[in-house]
Amino acid sequence: MECRELIALALEAHAAADPESTGPLRREISEHTEACPACREELARVEETWSRLGEDPDLPMTPQFRRRTLALIDDEMLRARIREFRPARRFPRAMLQAAALLLAVAGGFWVARASAPKSRPDRTASGSPAVSPAALESAGSLSNVSYRPADPQGRIGVSFDVTSRQTVLGKPEDPRMARLFAYLVSRGAQTSGEKSRAIELVSTHYGSEKTPASPDVVRALTATLRKDGNPGVRKKAADALAGFQMTPEIRTAFLDALRNDRNPGVRLVAVDALAAAAKDSPDAKTIESLREKAFDPTENGFVRAKAASALKAIEF
Amino acid sequence: MRDQSASAEDRRLLEQIRRGETAGAAELFERYAPALLRFADRLLSDRGLAEEVTQEVFVKVITRAHQYDGRAEVSSWLFAIAANACRDRRRRERRATIVPLEGVPEPAHKGEGAEAKLLTRERRETVREALNDLSEEQREALILARYHGLPYSEIADVLGISVGAVKTRIFRAVETLKARFTPGETTWNAAN
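Sequences listed follow chains A and B, in order.
1 is the number of the first residue of the first sequence in this note's numbering; add one for each residue after it.
1001 is the number of the first residue of the second sequence in this note's numbering; add one for each residue after it.
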């Protein structure tokens, strides 16, 4: 054995739970250190270090945690059995509906195109003037495009919104920018993705001392947390609100989310935010809500555990 | 190497879980929950998070029992799930890396006086601080070796690295800790 191998081998021998399995290795180490004072000294330091690590006693498992987790295991096993025995649909209804809709749209469009006159349309069905391609080019992009099948006169229709891209530049502290963000969060963004992006920007730019969140922004986010149908968007809104200074309005929104939101991820954010605020200024409603969650046997295990550990950290 | 009968028993319990028998999951919990809780506690220094991680391990075992391919020990699989969950928690909850030990309830020490308790606490804090100063990779490997007695081959399975990498991580971790716990000159040189 060479000196440079000694410590690594000694560590391996120390780590082994079964000392018998490393008997020959230990003997070899012992023989080497008897003849090598430098290694003997070094090994003593390593052994002392190894022993010092033992001064960190093991965390005991509490009976409450054991009981809680066994209950969670029971729930999960039941869920797993339900998943296993749920009859699988041969053809999911939604897929069939989507396929039928696609066929109908494609067929209608093909019939309409085949029977349409060759000349350019002069007026729309509603009587508004036709839009020339040249005008379209200068107007910008088209959105919300839809097609109408042929009418009794054989005319087909194409409907769209003509938009041109607008860019608004402004500092976050400008109230008009805050209003624009509030509008995007509450109504303006059309898809969940656009809304999530707007909320992310709000999180990035608002909530600091320099740019506190405006009442408009807070109102838009609390409304989103309460009403948005997409749990991902609600969670984004909750995350953003958690970064703001706690106000009665935000606290009420989090208490509502903790009580009513169907998504455990959103409820976890609510627990975190409420617990963090309650550490500084505990309030009865927050403590009561956390206690309810911690002892609610129907609640998700993670939410229950989080509420329980949050309560522990709050000084009543 | 782990006891063959213990290993076979673990696989039998996992088979029970696959068949939907709650008793298998409960038995596996009794066998491994204390160790997983200690492992997560030393990685996260937060009892609440450590309990969450331990619960998450068993929820995942139940929902993914069919994914266990039998190449590694069941215990390695459980520790690997716990290690991943801890990494996720540390990423998500940056606070966990700086949570002071005041937030961690003391393990009970029966019959200790106030002075002895204080001394125990101080020693414990010193060790935790030293562990927290190691890199995450070194800490994981060292904790599995020092506190769980896992052989290097099993640590390699848990962390998804080679045995050589395990040796290196543990060696470097001990070098760092040694300089902290036993400061002073040394005449020893690895190149000797």
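Heads up, the beta-carbon is just placed ideally off N, CA and C, and yes, glycines get one too.
Keep in mind it's a predicted model, so treat the numbers as computed, not measured.
Could you check what DSSP says for Arg155(A) in three-state terms: helix, strand or coil?
If DSSP states are grouped into helix, strand and coil, Arg155(A) belongs with coil.
Pair every Cβ in the region 1004-1012 of chain B with every Cβ in the region 287-306 of chain A, then say whether three or more of these pairs are closer than 8 Å.
Taking one beta carbon from each stretch, the region 1004-1012 of chain B and the region 287-306 of chain A have fewer than 3 pairs nearer than 8 Å; the two do not touch.
Given that Pro333(A) touches chain B, what residues does it touch there, using C-beta distances under 7 Å?
A query on residue 333(A) cannot be resolved here, the shown segment of chain A reaching from 1 to 316 and no further.
Taking the alpha-carbon positions, what's the Arg262(A) to His14(A) distance?
Whole-angstrom Cα-Cα distance: 50 Å.
Once you ignore the five residues that flank Ser1153(B) on each side, which residues in its own chain have a CB closer than 7 Å to its CB?
Residues Val1163 of the same chain have their beta carbon placed closer than 7 Å to that of Ser1153(B), with the five preceding and five following residues left out of the count.
Look at the alpha carbon of Arg197(A) and the alpha carbon of Thr191(A), and state the distance between them as a whole number of angstroms.
Approximately 10 Å, taken between the alpha carbons.
Among the residues of its own chain, which have a CB less than 8 Å from the CB of Ala1156(B), if the five just before and after it don't count?
If you ignore the 5 residues before and after Ala1156(B), its C-beta comes within less than 8 Å of the C-beta of Ser1162, Val1163, Ala1165, Val1166, all in its own chain and listed in chain order.
Span separating the alpha-carbon of Arg123(A) from that of Ala106(A):
With a pLDDT of 43 at Arg123(A), under the threshold of 50, the modelled position of that residue is not reliable, and the figure given next carries that caveat. Straight-line Cα distance between these residues: approximately 24 Å.
Chain A contact for Val1158(B) (CB, 8 Å cutoff)
By this cut-off, Val1158(B) is not an interface position.
Just confirm the distance between the C-beta atoms of Leu59(A) and Leu1037(B), as a whole number of angstroms; I'd bet it's less than 8 Å.
In this structure Leu59(A) is in contact with Leu1037(B), their Cβ atoms being roughly 6 Å apart against a cut-off of 8 Å.
If you check the beta carbons only, do Ile314(A) and Pro282(A) fall under 8 Å apart?
Going by C-beta atoms, Ile314(A) is nearer than 8 Å to Pro282(A).
Shortest alpha-carbon distance to Glu1137(B) belongs to which of His1148(B), Arg1064(B), Asp1069(B), Ala1083(B)?
Nearest C-alpha to Glu1137(B): Ala1083(B).
At a CB-CB cut-off below 7 Å, which residues of chain B make contact with Ile7(A)?
Near Ile7(A) (Cβ distances below 7 Å), the residues of chain B are Phe1171.
Cβ neighbour criterion (16 or more within 10 Å) applied to Asp1088(B):
By the neighbour-count criterion, in which a residue is buried when 16 or more other Cβ atoms sit within 10 angstroms of its Cβ, Asp1088(B) is exposed.
C-alpha distance - Pro57(A) paired with Phe1039(B), whole-angstrom precision
Answer to the nearest angstrom: the Cα atoms are 12 Å apart.
In this structure, does DSSP put Arg66(A) in helix, strand or coil?
For Arg66(A), the three-state secondary structure derived from DSSP is helix.
With 16 other Cβ atoms within 10 Å as the buried cut-off, status of Gln1055(B)
Label assigned to Gln1055(B): buried.
Where Arg148(A) sits in the DSSP three-state scheme:
Arg148(A): strand per DSSP, three-state reduction.
Mind the definition here: the region 1067-1082 of chain B touches the region 1121-1136 of chain B only if three or more C-beta pairs lie below 8 Å; say whether that holds.
At 8 Å Cβ cutoff, the stretches do not touch.
If you follow the alpha helix (DSSP H) that Cys36(A) is part of, which residue opens it and which one closes it?
Annotation for Cys36(A): no alpha helix (DSSP H) segment contains it, and DSSP assigns it neither H nor E.
Any beta carbon of chain B sitting closer than 8 Å to that of Glu299(A)?
It does not; no Cβ of chain B falls within 8 Å.
My assumption, with CB atoms under 8 Å, is that Leu225(A) sits in contact with Arg234(A). Please give the rounded CB distance.
Taking the Cβ atoms as the reference, Leu225(A) lies roughly 6 Å from Arg234(A), within the contact range of under 8 Å.
Does Phe295(A) come out as helix, strand or coil in the three-state DSSP assignment?
Residue state for Phe295(A) is assigned as coil, using DSSP reduced to three classes.
Segment limits, alpha helix (DSSP H) that includes Lys171(A)
From DSSP, Lys171(A) is part of no alpha helix (DSSP H); its letter is neither H nor E.
Distance cutoff 8 Å, beta carbons only. Does Gly1164(B) sit that close to anything in chain A?
With 8 Å as the cut-off, Gly1164(B) does not count as an interface residue toward chain A.
Is Arg1012(B) close to chain A? Criterion is C-beta to C-beta, closer than 8 Å.
Look at Arg1012(B): its C-beta is not under 8 Å from any C-beta on chain A.
Backbone CA spacing between Asp1041(B) and Arg176(A) [nearest angstrom]
One C-alpha to the other measures close to 48 Å.
Taking Cβ to Cβ, would you say Leu241(A) is nearer than 8 Å to Ala273(A)?
Contact flag set, yes.
Name the chain A residues whose beta carbon is nearer than 8 Å to that of Phe1079(B)?
Per Cβ cutoff of 8 Å: no residues; Phe1079(B) is ~14 Å from chain A at best.
Cα-Cα separation, Pro215(A) to Leu184(A)
Going from the Cα of Pro215(A) to the Cα of Leu184(A) covers about 15 Å.
Can you list, in chain order, the residues of its chain whose CB lies under 7 Å from that of Leu72(A), leaving out five sequence neighbours each side?
The residues are Gly301.
Listed by chain order, chain B residues near Met77(A) by CB distance under 7 Å:
Correct list: Gly1020, Thr1022, Ala1025, Ile1062.
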